[in-house]
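Have a look at the structure below, then the notes.
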Amino acid sequence: MTRATAFNEREMQTITVARMIEDGKTYWVAGAGSPLYAILMGKKLYAPNAQYMTEDGVIAPEPMLPFDPIMSMVSARAGYRALGWATMNAAGNHAQIGLMDYGILNALQIDQYGNINSTAIGTYGEKMRRFGGPGGADSIASLCWRTIVMTDQEKRKFVGRVDFISSPGFLDGTPGAREKAGLPRGTGPWRLVTPWAMYDYNEERRLRLIAVAPWVTVDEVLAECECKPAVADKVETLEVPTDEELDMLRSQLDVAGQMSGIERSGWIIWDGERYVRSEG
Amino acid sequence: MATTPAHTEILDEGIGEFRQPDPDGYREWVRDHKSRALTSKLMTEQEAISRFVEDGDYLCYDCTYLQRGPSSLVRELIRQKRKDLWVAGKFTWVMVHLLIAGGCASKVDCGFFLYGKAIDRFVQEGRVQIFEYSNVVMTLRLQAGAMGLPFLPVRSFGGTDGFRHSGAKLIRDPYTGQPINIVPALNPDVALIHVQQADMYGNARVFGTGIAHQETAMASRKVVISAEEIVDTEEIRRDPGRTSIPYYSVDAVVHAPFGAYPGECAGYYASDPAGVIEVVVATLTDNLDPYLEKYVHSVANHQEMLEKHVGVAKLLEMQQRVATREGYRP
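Just so you know, the protein sequences line up as chains A and B, in that order. Note that the first sequence covers residues 56 to 335 in the working numbering. Note that the second sequence covers residues 23 to 352 in the working numbering.
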């Protein structure tokens, strides 16, 4: 496996999550975009016995590839070769009884306690930009044992308190806050992955930076956080993609270049000595 | 014997407006209005919408404009200019936008919809009020309605700002003593559900995954089914395990080939990518009026829309792109 010499940082983000997929575990995954790419790549390359479900109640499918860019939940391509076809309440109930080990989600905005906003930016009900609502994310973030969130490394997306909690993290961060709000014991945010970094949550249930990409420093990552996270004593360096991973992502998953298209910013190039980032 | 508190302890509650659950009222409606006899309910889309959708109704449809949604029925509803509907926006995509742009909807319970300039403007202008839920919370509200209950406990939704803007409550569970969220049952006035097959009485078959077609049918006062194919009742009796919705919850059956256009109906046709892009662009750029003029108001019905704006060649091509029939065509 050869380390790639040119890739987009969003490809790196998806590949990082794909490598985290644990064999033999169950995943409730958002029905589109990079969370779905991550579980499919993880299954194909590293964890063939990881299984996933989406909120329309498809159980352990093997969707038709290459990935159709307008494929969505309920479609024949997405439900191909599944072990079961059910409905949304079945999906919710399976997670509610504890069958789903991990959830994978995208977030529009996230805060220091891992709360997720996908409803509105600004002051709710007053001056705001309206977004689409939590969809299935609230159930994923409430009911899976561990939640993995993917978002951009942008200052305005890392805040002290999200404008609107659409899906719960550790709420106000106090001990037992989730249980006091009626959520199941022992669940919650587990990892946050951006194109530049990986975070876990410390004993105070606050975001903690644990790894950065080789082309950025810890300070550069912290500069892109409006609310500064905790920093681990030893910050690891994330591994760059391999050619095999990029080939899978580009030829089977992101075939329309929605993630890696040439017009996307954040290309990473090996200049002979190190990886450098170039805009566009 | 354990003692039960005289009053349930409410620890917290949302401020969102919601339809008051009325399980006994719903039972009486079902007693008085749901036909037990095997009588043909076949009718045109015009008749079904005209008879069963009224101004001010709470409307619930299943699936989306992209996948097996009742798209031809929704277009007919807009054509007939229904007003002031309250819409269950669970797992929806652009239908909410079409209904608001068409002047039909004024309230939405949000699970998920496509965002973009159109919905942003509708909210800013106060053309629509939005109450916050999640997809699963909405389908559990329907489940409560379908079970004849006033509410259901849920283990999600707690602690969110959605809870604050909803009809949910946090109570102390009288059995475990722990906090538990409850959500109010939803019994929509009218349901629109597109299925692959139905007989003339309303015995309906959904193939593939789904959102909440069964709960929606059982929870709703009036149920309109549209079907790709009308099958003989003998075919239903040949394989009763495949009946997703039983006849006695159904009020109207509309034969609607390509009823999910521009979306897909699994096993019957793939989606029309150009038609999908057209409605997405209209939604994202806040330019829905020309879309509605073309696909709704300039044509008399679904068939004329297919003839004028889609055409036989494209319909055949959509059928050809069905890559799999396993599980969809018994």
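Cβ coordinates follow ideal geometry from the N, Cα and C atoms, glycine included.
When 7 Å is used as the limit between beta carbons, B/GLN165 is near these residues of chain A: ASN144, in chain order. Contact between the region 62-76 of chain A and the region 129-139 of chain A is absent, with fewer than three C-beta pairs closer than 8 Å. Rounded to the nearest whole angstrom, the CA to CA distance from A/TRP270 to A/VAL331 is 6 Å.
Taking C-alpha positions only, B/LYS330 is separated from B/SER248 by approximately 21 Å. Runs of the beta strand (DSSP E) lying entirely within the region 186-228 of chain A, each at least 3 residues long, are 201-205 in chain order. It is roughly 35 Å from the alpha-carbon of B/GLY181 to the alpha-carbon of A/PRO118. Secondary structure of B/VAL118 (DSSP, three-state): helix. B/SER242 does not reach chain A, its nearest Cβ partner there being about 16 Å away, counting only Cβ pairs nearer than 9 Å. Under the three-pair Cβ rule at 8 Å, the region 275-282 of chain A does not count as touching the region 94-105 of chain A. Of all residues in the region 205-221 of chain A, only PHE219, ILE220 and SER221 come within less than 7 Å of chain B when Cβ atoms are compared, listed by chain position. None of the residues of the region 259-281 of chain B has a beta carbon lying less than 7 Å from any beta carbon of chain A. When CB distances to chain B are screened at a threshold of 7 Å, the residues of the region 149-164 of chain A falling below it are GLN151, in chain order. Taken through DSSP and simplified to helix, strand or coil, B/MET340 comes out as helix. Close partners of B/CYS126 in chain A (Cβ separation under 8 Å) are lacking, with about 19 Å as the shortest Cβ gap. Proximity of B/ARG149 to chain A, defined by a Cβ-Cβ separation below 8 Å, is not satisfied. C-alpha of A/ARG246 to C-alpha of A/GLU294: approximately 17 Å in a straight line. For B/LYS112, the number of other beta carbons within 10 angstroms of its own is at least 16, and it is reported as buried. Secondary structure of B/ALA249 (DSSP, three-state): strand.
When the beta-carbon positions are compared, A/ILE159 and A/VAL217 stay at least 8 Å from each other.
Burial state of B/ILE299 is exposed, judged by a 10 Å Cβ sphere holding fewer than 16 other Cβ atoms. In this structure, DSSP gives A/ILE114 an extended state, which the three-state scheme calls strand. For B/LEU310, same chain residues with a beta-carbon under 7 Å away, outside a window of 5 residues either side, are HIS119, LEU120, ALA123, ALA140 and ALA304 in chain order.
Straight across, the Cα-Cα distance linking A/VAL204 with A/ALA85 is about 10 Å.
Leaving aside the five residues that flank A/ALA268 on each side, the residues in its chain whose CB is nearer than 6 Å to its CB run, in chain order, TRP251 and LEU293. Ranked by Cα distance from A/VAL129, the options B/GLU69, B/GLU98 and B/HIS235 are led by B/HIS235. Separation of B/SER94 and A/MET108 (C-alpha to C-alpha, rounded to the nearest whole angstrom) is 30 Å. In this structure A/LEU100 touches A/ALA73 by the C-beta definition: roughly 7 Å separates them, less than 8 Å. Taking one beta carbon from each stretch, the region 45-60 of chain B and the region 173-180 of chain B have fewer than 3 pairs nearer than 8 Å; the two do not touch. Look at the beta carbons and you see the region 261-271 of chain B not touching the region 103-110 of chain B: under three pairs across the two are nearer than 8 Å. A/PRO239 and B/GLY125 have their C-alpha atoms spaced approximately 41 Å apart. Within the DSSP secondary-structure output, B/LYS316 pairs in no beta bridge.
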